[in-house]
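Numbering (this note's numbering), first residue to last: 4 to 311. First comes the structure, then the notes that go with it.
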Amino acid sequence: MQRRVPNTLLIALIAGLSASVAPAHAQTQAVPKVQPGEGRPYQIPDSEVWDVPDPVSRRGYQVFVALPPSYAKEPQRRFPVLYVTDADYAFPIIRQINRRLNLDGPKVEEFILVGLSYAKGEDGAVSRRRDYTPTQNGPSSAPAGAVHGQGPAYQSYLRDQVKPFIAARYRTDPARALFLGHSYGSLLGAQILFTEPGLFSGYILGSPSLWYDKRHALELEARYAARSKDLPAKVYLYVGAHEALRKGDRRYNQTVDMVADNRALEAALRGRKYPSLNLKSVVLDDEDHLTVAPRGFTQGLKYLLPAR
4 MQRRVPNTLL IALIAGLSAS VAPAHAQTQA VPKVQPGEGR PYQIPDSEVW
54 DVPDPVSRRG YQVFVALPPS YAKEPQRRFP VLYVTDADYA FPIIRQINRR
104 LNLDGPKVEE FILVGLSYAK GEDGAVSRRR DYTPTQNGPS SAPAGAVHGQ
154 GPAYQSYLRD QVKPFIAARY RTDPARALFL GHSYGSLLGA QILFTEPGLF
204 SGYILGSPSL WYDKRHALEL EARYAARSKD LPAKVYLYVG AHEALRKGDR
254 RYNQTVDMVA DNRALEAALR GRKYPSLNLK SVVLDDEDHL TVAPRGFTQG
304 LKYLLPAR
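What follows is the structure, given as structure tokens:
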């Protein structure tokens, strides 16, 4: 007579067999944090928010921080820091892109993610028009009374307030501070690259608004080249193919050719033959100004922070 195996034992055997054949990455995934529920706002787990006001403008700003998985496990290790503009949008997206890239093994080196908020109490469009643009000559399409051109002041805020704040609280690698921006955010990045390049060692400049004020950023590049023989930085430029100018085709830009502008910047930088510049520039197919960012973020992270 055949003995019947108890159901509990069968379940245990099946569970053990399943664990033995499961993909390695499935065994290492963290248990998702439970959200508070009861109609409360969704929270981003393992993130921190700090107030870092600007004593010069007296505006309130915040930084959002996400630490890498190994931060607590390796107390002697220092990590690169990625600062991202437009944090309300970019911070949660980059955090998840980074997490997923490394699910099946390291593709991107671990880093501290720092999101740069808009000014407290302001609409994002107001903050970014003012803080991310290099001159007061904003586009004619801007709302009446819109303020532009305080990018240099915001650059000083990043240098004098944000970076020291992060360095004082976290184990950062001082030689590896990286910048990521899209659109006006990468216009700010271009301004920093050509006026104070050492503020960051690497730059992801996505769909930069190089058209702004008659291509003012290209003038900054030319001025930098006139006084400098090297540009020690790692730069990833991206733009969507549908950001080219093609009037009448609504899939494309109707007023400015951002693909041509990006290629002009790439050509200028390659023509300088800077010995310490590492540059990659791509046009991403089937993408426009509003769709290209997540794809550009992904490729930029893989270029700037490849797993060692």
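Think of the CB as a built atom: it goes at the ideal place given N, C-alpha and C, for glycine as much as any other residue.
- When DSSP reads this structure, Ser50 sits in a beta bridge with Ala69.
- Here Phe82 carries a strand assignment [DSSP, helix/strand/coil].
- Take the alpha-carbon of Ala90 and the one of Pro235: they are about 26 Å apart.
- Within the same chain, and ignoring the five residues on either side of Ala267 in sequence, the residues whose Cβ sits closer than 7 Å to its Cβ are Leu221.
- Contact check for Val84 against Ile115 passes: the beta carbons are separated by less than 8 Å.
- In the displayed model, Thr138 falls within coil according to three-state DSSP, outside both helix and strand.
- For the pair Lys123 and Lys276, the Cα-to-Cα distance works out to about 42 Å.
- Shown here for Ile195: same chain residues with a beta carbon closer than 7 Å to its own, the five before and five after excluded, namely Gln158, Phe182, Leu202, Phe203 in chain order.
- If you look at His219, you'll find it in the alpha helix (DSSP H) that goes 215-230.
- A distance of 8 Å or more separates the beta carbons of Tyr227 and Lys283.
- When the beta-carbon positions are compared, Val59 and Ala145 stay at least 8 Å from each other.
- Sixteen is the threshold: when 16 or more other Cβ atoms of the shown chains lie within 10 Å of the Cβ of Asn265, as they do, the residue is buried.
- Nearest Cα to Ala171 within the set Pro95, His185, Arg81: Arg81.
- In terms of CA proximity to Leu308, Ile97 leads the group Arg43, Ile97, Phe67.
- For Pro309, there is no enclosing alpha helix (DSSP H), since its DSSP letter is neither H nor E.
- Under the DSSP assignment, Gly188 falls in the alpha helix (DSSP H) whose first and last residues are 187-198.
- Boundaries of the alpha helix (DSSP H) around Tyr160: 154-160.
- In this chain, the beta strand (DSSP E) harbouring Ala236 covers 236-243.
- With 16 or more other Cβ atoms inside 10 Å of its own Cβ, Leu190 counts as buried.
- The three-state reading of DSSP puts Lys166 in helix, counting H, G and I together.
- Using a C-beta cut-off of 8 Å, the stretch 282-300 makes contact with the stretch 204-211, since at least three inter-stretch Cβ pairs fall below that distance.
- Between Thr138 and Asp216 a beta carbon distance of about 5 Å is seen, short of the 8 Å cut, so the two are scored as contacting.
- In the structure shown, Tyr206 falls within a strand segment according to DSSP collapsed to helix, strand and coil.
- Counting only runs of 3 or more residues that sit fully inside the stretch 97-130, the beta strand (DSSP E) segments are 115-119, in chain order.
- When the Cα atoms are used, Gln79 and Ile100 turn out to be separated by approximately 26 Å.
- For Val262, the enclosing alpha helix (DSSP H) starts and ends at 261-275.
- Closest in C-alpha terms to Gly188, from the list Asp126, Leu104, Ala93, comes Ala93.
- Contact between Arg132 and Gly141 is confirmed by a C-beta separation of about 7 Å, below the 8 Å threshold.
- Just so you know, the alpha carbons of Ser231 and His219 end up roughly 18 Å apart.
- Ranked by Cα distance from Tyr241, the first of Ser212, Asp54, Tyr86 is Ser212.
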